[in-house]
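J.:
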Amino acid sequence: ETAVFQTPNYHVTQVGNEVSFNCKQTLGHDTMYWYKQDSKKLLKIMFSYNNKQLIVNETVPRRFSPQSSDKAHLNLRIKSVEPEDSAVYLCASSSWGGQNTLYFGAGTRLSVL
Amino acid sequence: GDSVTQTEGLVTLTEGLPVMLNCTYQTIYSNPFLFWYVQHLNESPRLLLKSFTDNKRTEHQGFHATLHKSSSSFHLQKSSAQLSDSALYYCALSDRNNNAPRFGAGTKLSVKP
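Respectively, the protein sequence lines represent chains A and B. Under our numbering, read the first sequence as residues 1 to 113, first letter to last. Under our numbering, read the second sequence as residues 1 to 113, first letter to last.
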């Protein structure tokens, strides 16, 4: 099956803890993204990578750090979570080029207590 | 920077009535790429349709939209709403510089019997 796979599906943690989310795509794409979908369903770009190179780095707190080992994998680490980090983190992939379709994973829902 | 403005909040329709969800955008680029993504409950966003050509109608799954660069608009329409159309609809904007697509705030469509 070709798709975008995210782990974990859910994560509950406490303020100040570190969390990591993983994303893998088997679509053969060369560009991957992290989007944050908040409780109001606003969908905002955080980072994008093309062939392991960081392309887009929006204004996000420094406690967020993406990592890409190869073009099929993109991870996200949050060093010390805050309550406002509670959201669904959506990983997506596409072929390089603004005209190309994004394919989203199922998302990781983070709850910070 | 780029921005997308959509019909705000919730649109409630009776089954069989026409659907129109508004989308306007702002960009410095002369060749924008416009997309509509749909997110059903407990699912991830997926592409509904996209367009890059001025004044050309694009259709998919009964929905259609036309990119009008003169008015910076890309409204989504359907002639007859179905119950299964109930979902969250996002308009998104990209460009040839491979910036990550920017999403509007989303419009929730609720179709009632």
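Built from N, CA and C at the ideal position, the CB exists for glycine as well.
Please report the residue range of the beta strand (DSSP E) in which P66(A) lies.
T.: F64 to D70
J.: Between which two residues does the beta strand (DSSP E) harbouring R96(B) extend?
T.: Segment: none, R96(B) is in no beta strand (DSSP E) and carries neither H nor E.
J.: Taking all protein chains shown into account, decide if N100(A) is buried (16 or more other Cβ within 10 angstroms of its Cβ) or exposed.
T.: N100(A) should be labelled buried.
J.: Tell me the DSSP bridge mates of W96(A)?
T.: According to DSSP, W96(A) bridges with nothing at all.
J.: Quick one: grab the DSSP three-state call for E84(A).
T.: helix
J.: Since R57(B) meets chain A, which of its residues come closer than 9 Å, beta carbon to beta carbon?
T.: Per Cβ cutoff of 9 Å: no residues; R57(B) is ~18 Å from chain A at best.
J.: Beta-carbon within less than 7 Å of N57(A)'s beta-carbon, same chain only, minus the 5 sequence neighbours each way: which residues are those?
T.: Only F47 meet the Cβ criterion.
J.: Sort out for me which residues DSSP pairs E59(B) with in a bridge.
T.: E59(B) pairs with H64(B).
J.: What three-state label does DSSP hand S118(A) in the structure shown?
T.: In the structure displayed, chain A extends from 1 to 113; residue 118(A) sits before or after that span and is not available.
J.: With a threshold of 16 other CB atoms inside 10 Å of the CB of H60(B), please say whether the residue is buried or exposed.
T.: Around the C-beta of H60(B), fewer than 16 other C-beta atoms lie within 10 Å, and the residue is accordingly described as exposed.
J.: Using a cut-off of 7 Å between C-beta atoms, extract the partners of K41(A) located in chain B.
T.: L88 and G106
J.: Is K112(B) buried or exposed, if buried means 16 or more other CB atoms sit within 10 Å of its CB?
T.: Exposed: under 16 other Cβ atoms inside 10 Å.
J.: Give a yes or no on contact between the region 12-26 of chain A and the region 77-92 of chain A, applying the rule of three or more CB pairs nearer than 8 Å.
T.: yes
J.: Run through DSSP, which three-state label would L27(A) get?
T.: coil
J.: Just to make sure I have the definition right: I need the residues of chain B whose C-beta is within less than 9 Å of the C-beta of S93(A). Which are they?
T.: The contacting residues do not exist; S93(A) stays about 12 Å from chain B at best.
J.: Does the beta carbon of A100(B) come closer than 8 Å to any beta carbon on chain A?
T.: yes
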